[in-house]
Structures are given as C-alpha cells and as structure tokens.
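According to our numbering, the stretch in the sequence shown is residues 2 to 165, in order. Here a beta-carbon is modelled for each residue, glycine too, at the ideal position from N, C-alpha and C. Data block below; observations after.
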Amino acid sequence: SRRFPHPLDAWLLFFSGLRRNAASAEGAEVPTLETKAYWRKKDALTAMEQRILRMLHFDVSYCAPHEYVLNFAAALGASEAVAKLAWRAANVAVANPRSLRHDAHILAAACLWLGFEWCDVEVTERDMDELCGAGSHHSVSECIHWILKDVEEQLCTSADVHNV
C-alpha cells in the first residue's frame, strides 16, 4: 500500500525552503509592490500556504511546551534558575519546525532536563518517567539532541554567550 507523508512534513519542507530561499537571496534586491517578481512570489507563497492548510485539514492548533515546563519544574521542585533555563530552551525549541513532530509535554521534559543539566542538578530517568510516562525516553532524548544543537548554534552566532 502507498504510504502518504505526514501533513507536518509539508510544513517542514515549506520552512526549509523558506530558509534556503532567504539564505540565497542575501544581498539581492528585495522586490517591491510595483514589481512582477513580488507578485509572483506572493502568489507562489499563497498557493503553498493553501496546499499546506488543505493537507492539515485547516487544523492548525498548537500547544506550546511552556506551561508544561512550569508545571514540571514545580512538580520536581526545580530551582528558579533551572526553570528559567528550561523556559529559554523551550523558546529555542518552538522556533524549530521539528517541534511540530512532538507533543508539548515531551518538548517540556526535554527542556527541563536541559535546564537541570546546565545547572549541574541530577535528575533521574524515573523522575522523567513520572512526568512523561514510561517509554518516552526515545522521544525526549531525540528532542534534547536537536534543541541542544539549536542552542549551541545560537551561542556560536551570538556575541552574548551568557544570554541562553
């Protein structure tokens, strides 16, 4: 049987295309309202948006991980420093289209784990199991990996390293 791509794959392809186009357009003239190039790009973007919305059946609700971060931090008795770092990790996470592939509580657990790690506070797998449910290690680990990579990329491009 033919397997159809997940609707979120369309979002990922769309955003990666935007990034690629923006990177290649650096230094190029920005089309103005009077140019045909502007209207062609606008029409292409609108058509892509319509295709994506139809693939998603216009279900575009999104649950951010931030509320879970605060609730999980309170449940584990995390310090304010841990909670702040986890919150910042959540900000980084939601900026990545990969966040659409994971439930908010999984993203929050990954962000909180990073907050604990960055504050040198030990957290056990049992604690994480109680938050997310047993068997979610793989999803949390996967999120930790790419969130950490995104944070490191931001640090490398940021002049203020202490602002994570």
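Checklist entry - Can you tell which of S62, A91, A38 and M49 has its C-alpha closest to the C-alpha of W114? => result Distances from the alpha-carbon of W114 to those of S62, A91, A38 and M49 put A91 closest.
Checklist entry - Counting only runs that start and end within the segment 56-90, where is the alpha helix (DSSP H) found for 4 or more residues in a row? => result Listed in chain order, the complete alpha helix (DSSP H) runs (minimum 4 residues) inside the segment 56-90 are 67-76.
Item to check | Cα-Cα separation between V141 and T47, rounded to whole angstroms | outcome: If you take the alpha carbons of V141 and T47, they lie about 35 Å apart.
Checklist entry - Around the C-beta of G116, are 16 or more other C-beta atoms found within 10 angstroms, so that it is buried, or is it exposed? => result By the neighbour-count rule (16 or more Cβ atoms within 10 Å), G116 is buried.
Next on the checklist: Any contact between the segment 38-45 and the segment 80-88? By contact I mean 3 or more CB pairs, one from each, below 8 Å.
Outcome noted: Counting C-beta pairs with one atom in each stretch, the segment 38-45 and the segment 80-88 have fewer than three that are closer than 8 Å, which means they do not touch.
Next on the checklist: Can you determine whether any heavy atom of the ligand MG sits closer than 7 Å to the C-beta of R41, and answer yes or no?
Outcome noted: The model on display carries no ligand, and the ligand MG is accordingly not part of it.
Next on the checklist: Determine whether the beta carbon atoms of A96 and P66 lie at a separation below 8 Å.
Outcome noted: A distance of 8 Å or more separates the beta carbons of A96 and P66.
Item to check | Exposed unless 16 or more other CB atoms sit within 10 angstroms - verdict on F59 | outcome: F59 comes out exposed.
Item to check | Proximity to R99 [Cα-Cα], best of H146, E68 and E50 | outcome: Of H146, E68 and E50, the residue nearest in Cα terms is H146.
Next on the checklist: Using the Cβ count rule (16 or more neighbours within 10 Å means buried), how would you classify Y63?
Outcome noted: With fewer than 16 other beta carbons inside 10 angstroms of its own, Y63 counts as exposed.
Checklist entry - Going by the beta-carbon positions, is the gap between H103 and C133 smaller than 8 Å? => result With a cutoff of 8 Å on beta-carbon distance, H103 and C133 are scored as not near each other.
Item to check | Assigned exposure category for R1 - 16 Cβ within 10 Å defines buried | outcome: Any answer about residue 1 is impossible in this case: the structure gives the chain only from 2 up to 165.
Checklist entry - Between the C-alpha atoms of E131 and V93, what's the straight-line distance to the nearest angstrom? => result About 24 Å.
Checklist entry - Taking C-alpha atoms, which residue in T125, E50, D128 and L86 lies nearest to L149? => result Closest in C-alpha terms to L149, from the list T125, E50, D128 and L86, comes L86.
Item to check | Three-state secondary structure assigned by DSSP to H103 | outcome: Reduced to three states, the DSSP call for H103 is coil.
Next on the checklist: Here's the rule: buried if 16 or more other CB atoms are within 10 angstroms of the residue's CB, otherwise exposed. What is A75?
Outcome noted: Classification of A75: exposed, given that the 10 Å Cβ count is below 16.
Checklist entry - Just checking my contact of C120 with V70 at CB under 8 Å: how many whole Å lie between their CB atoms? => result The pair is not a contact, with the Cβ atoms about 14 Å apart (cut-off 8 Å).
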